[in-house]
Amino acid sequence: MSSLLTAFLAGDVRALARAITLVESGDARGEVLLSSLRAERQNSSCLVIGMTGAPGAGKSTLTDALITSCRSLGARVAVLCVDPSSPFSGGAILGDRIRMGKHYQDSGVFVRSMASRGALGGLAKTTVSVLSLLEAFGFAYVFLETVGVGQSEVDIASVADHTVLVLTPAGGDAVQAFKAGIMEIADIFVVNKADLPGADRLMREIRAAQELGAHDEHTWFAPILQTIGSQAQGIPEILEAIGQHRAHLGSSGLQTRRLERARFELNAAIQEEARERAKHGQQNLLARISQGQITAREAALEVLQT
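Numbering (numbering that gives the first Met the number 0), first residue to last: 0 to 305.
1) Determine the direct distance from the alpha carbon of Thr125 to that of Arg276, and round the result to whole angstroms.
2) So, at 6 angstroms on beta carbons, what are the nonlocal neighbours of Ser2 in its own chain, with the 5 sequence-adjacent residues on each side left out?
3) Cβ of Gly49 within 8 angstroms of Cβ of Val158?
4) Let's see if you can read the secondary structure: which residues bound the beta strand (DSSP E) around Gly49?
5) Quick check on DSSP: helix, strand or coil for Ala114?
6) If I'm right that Ser163 touches Ile237 with Cβ under 8 angstroms, what's the distance once you round it to whole angstroms?
7) With DSSP as the reference, label Arg37 as helix, strand or coil.
8) Could you check which residue in Glu216, Asp194, Met182, His217 has the C-alpha nearest to that of Glu204?
9) Evaluate the contact criterion for the segment 57-70 versus the segment 230-250: three or more CB pairs, one atom per stretch, below 8 angstroms.
10) Within its chain, find whatever has a CB closer than 8 angstroms to the CB of Phe220; leave out the 5 residues flanking it on each side and keep chain order.
11) If you count every other CB in all the chains shown that lies within 10 Å of the CB of Leu303, and 16 or more means buried, which is it?
12) Using a 10 Å radius around the Cβ and a threshold of 16 neighbouring Cβ atoms, would you call His338 buried or exposed?
13) In chain order, what residues of the same chain have a beta carbon less than 6 angstroms from the beta carbon of His247, not counting five sequence neighbours either side?
14) Using the rule of at least 16 other Cβ atoms within 10 Å of the residue's Cβ for burial, across every protein chain shown, is Asn283 buried or exposed?
15) Return the residue from the list His279, Pro196, Arg287, Ile288 that minimises the CA-CA distance to Thr305.
16) Starting from the N-terminal side, write out each stretch of the alpha helix (DSSP H) that is 4 residues or longer and does not extend beyond the segment 269-303.
17) Once you ignore the five residues that flank Arg256 on each side, which residues in its own chain have a CB closer than 6 angstroms to its CB?
18) Per DSSP, what kind of secondary structure is Phe138 in: helix, strand or coil?
19) From this set, Gly107, His102, Ala114, which residue's C-alpha is nearest Ala139's C-alpha?
20) Can you give me the C-alpha to C-alpha distance between Phe7 and Gln225, rounded to a whole angstrom?
21) According to DSSP, is Ala231 part of a helix, a strand, or is it coil?
22) Out of curiosity, what's the CA-to-CA distance linking Asn266 and Pro196?
23) Report all residues from its chain with a CB closer than 7 angstroms to the CB of Ala74; omit the five preceding and five following residues, and keep chain order.
24) State the beta-bridge partners of Leu143 as determined by DSSP.
25) Could you compute how far the alpha carbon of Ala14 sits from the alpha carbon of Ser128?
26) Which residues share a DSSP beta bridge with Thr162?
27) Going straight from the alpha carbon of Glu272 to that of Lys192, what length do you get?
28) Measuring straight from C-alpha to C-alpha, what distance separates Gly212 and Leu166?
29) Taking the straight line between their C-alpha atoms, what separation do you get for Glu39 and Val81?
30) Would you mind reading off the limits of the beta strand (DSSP E) that contains Gln225?
31) Classify Ser131 as buried or exposed, calling it buried when 16 or more other Cβ atoms lie within 10 Å of its own Cβ.
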């Protein structure tokens, strides 16, 4: 473990990849490594940017263009892509990496895909732990791309410092989507594929819906940007908006977001521990519930007390 930590601190990308594998697999050495990197994580100035939106909105294409823009500034970039898993085999294609293939030879870019493994909310169970490793490694930007989400997968807002919601003109009525919650998490709206009909109308709908919500002089009105990801149009404006949102948050606002991430990570760890405990003696509990001997809540309390 000491050799892995030494290599990690020396900037060895292979050590980073190995550390991520340990964390993803639930190996106890991964937890030890995270604890050893506490100082590096706390001193990190990394910008964590969440990229979310419906399937086919162009998240990966936009992220690819953002990587190029960040690299032109000399910044080191990491990308963490969460891909959906099959509910039958548990496997994942991990296809987001295909769209970013041109960066593989760039030592300043690190791309890692994760299978969601059935986790809801658009993220994988170990996303926050892997994110901590990327921050400790010293990347300037970490782009966290969720699985294609619908209207309720809003975990990304609890993890990222800045959330970019990618929409397309063909994605449906913006006002209706606002009712469901996902559009309320956006710090920046991006209307991608803006060369398609309906882009201007979608922008007007988003702007009108924004004004319906409660707001005052301190409210951050998420900017609405138009992009054509395949042509890298509008990319500098996204980075500029991220910088403006960072300034708006300030140190106190950023600390609030980091506390929210810690809350999310704690809740996820508690839920995972409860699931693991429930696996032992589950059949007996299920039988007792089905026979009416105990309620599901009583069974859950029994599991937590073991």
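Glycine included, every Cβ here is placed at the ideal spot set by N, Cα and C.
Here's the rundown:
1) Within the sequence shown, the letter at position 277 stands for residue 276. Within the sequence shown, the letter at position 126 stands for residue 125. Each residue's alpha carbon lies about 18 angstroms from the other.
2) Start at 1 with the first residue of the sequence shown, and residue 2 comes out as number 3. So the list is empty, once near-sequence residues are dropped.
3) What you label residue 49 is simply residue 50 of the sequence shown in a count that begins at 1. What you label residue 158 is simply residue 159 of the sequence shown in a count that begins at 1. Contact flag set, yes.
4) For the purposes of this step, residue 49 is identified with residue 50 of the sequence shown, where counting begins at 1. It spans 46-52 - the beta strand (DSSP E) in which Gly49 sits, taken as one unbroken run.
5) For the purposes of this step, residue 114 is identified with residue 115 of the sequence shown, where counting begins at 1. If DSSP states are grouped into helix, strand and coil, Ala114 belongs with the strands.
6) By 1-based counting over the sequence shown, the position of residue 163 is 164. By 1-based counting over the sequence shown, the position of residue 237 is 238. Correcting the residue type first, residue 163 is Val in the shown sequence and not Ser. Between Ile237 and Val163 the Cβ distance is about 7 angstroms, and since that is below 8 angstroms, they are a contact.
7) What you label residue 37 is simply residue 38 of the sequence shown in a count that begins at 1. Arg37 falls in the helix class under three-state DSSP.
8) In the sequence shown, the residue the question calls residue 204 occupies position 205. The option with the nearest alpha carbon to Glu204 is Met182.
9) yes
10) Within the sequence shown, numbered from 1, the residue matching residue 220 stands at position 221. Gln209, His214.
11) On the sequence shown, position 304 is the one that residue 303 refers to. So Leu303 ends up on the exposed side.
12) An answer regarding residue 338 cannot be provided, because it is not within the stretch 0 to 305 covered by the chain.
13) Taking the first residue of the sequence shown as 1, we reach residue 247 at position 248. Excluding residues within five positions, the ones whose Cβ falls inside 6 angstroms are Trp219.
14) Residue 283 sits at position 284 when you count from the first residue of the sequence shown. It is exposed - the Cβ of Asn283 has fewer than 16 other Cβ atoms within 10 Å.
15) Translated into the one-based positions of the sequence shown, residue 305 becomes position 306. Checking every option, the nearest Cα to that of Thr305 belongs to His279.
16) 281-289, 295-303
17) What you label residue 256 is simply residue 257 of the sequence shown in a count that begins at 1. These residues qualify, in order along the chain: Asp160.
18) Residue numbering aside, residue 138 sits at position 139 when the sequence shown is read from its first letter. Of the three classes helix, strand and coil, the one that applies to Phe138 here is coil, per DSSP.
19) Here residue 139 is taken as the residue at index 140 of the sequence shown, counted from 1. Nearest option by C-alpha distance: Gly107.
20) On the sequence shown, residue 7 is found 8 positions in, with the first residue counted as 1. On the sequence shown, residue 225 is found 226 positions in, with the first residue counted as 1. The alpha-carbon atoms of Phe7 and Gln225 are separated by roughly 39 angstroms.
21) Taking the sequence shown and counting its residues from 1, one reaches residue 231 at position 232. Three-state result, Ala231: coil.
22) Mapped onto the sequence shown, residue 266 falls at position 267. Mapped onto the sequence shown, residue 196 falls at position 197. Using only the alpha carbons, I get a separation of about 42 angstroms.
23) Within the sequence shown, numbered from 1, the residue matching residue 74 stands at position 75. Only Ala139, Tyr140 meet the Cβ criterion.
24) Position 144 of the sequence shown, counted from the first residue, corresponds to residue 143. Answer is Gly49, Leu79.
25) If you number the sequence shown from 1, residue 14 lands on position 15. If you number the sequence shown from 1, residue 128 lands on position 129. Rounded to the nearest angstrom, the two C-alpha atoms are 15 angstroms apart.
26) As a first step, residue 162 is located in the sequence shown; it is residue number 163 there, counting from the start. Thr162 is bridged to Gly49.
27) Position 273 of the sequence shown, counted from the first residue, corresponds to residue 272. Position 193 of the sequence shown, counted from the first residue, corresponds to residue 192. If I take the Cα positions, the gap works out to 42 angstroms.
28) Taking the first residue of the sequence shown as 1, we reach residue 212 at position 213. Taking the first residue of the sequence shown as 1, we reach residue 166 at position 167. Taking the straight line joining both Cα atoms gives about 20 angstroms.
29) Reading the sequence shown from its first residue, position 40 is the one you call residue 39. Reading the sequence shown from its first residue, position 82 is the one you call residue 81. Distance between the alpha carbons of Glu39 and Val81: 24 angstroms.
30) Position 226 of the sequence shown, counted from the start, is the residue given in the question as residue 225. Per DSSP, Gln225 belongs to the beta strand (DSSP E) from 223-225.
31) Taking the first residue of the sequence shown as position 1, residue 131 is located at position 132. That one is buried.
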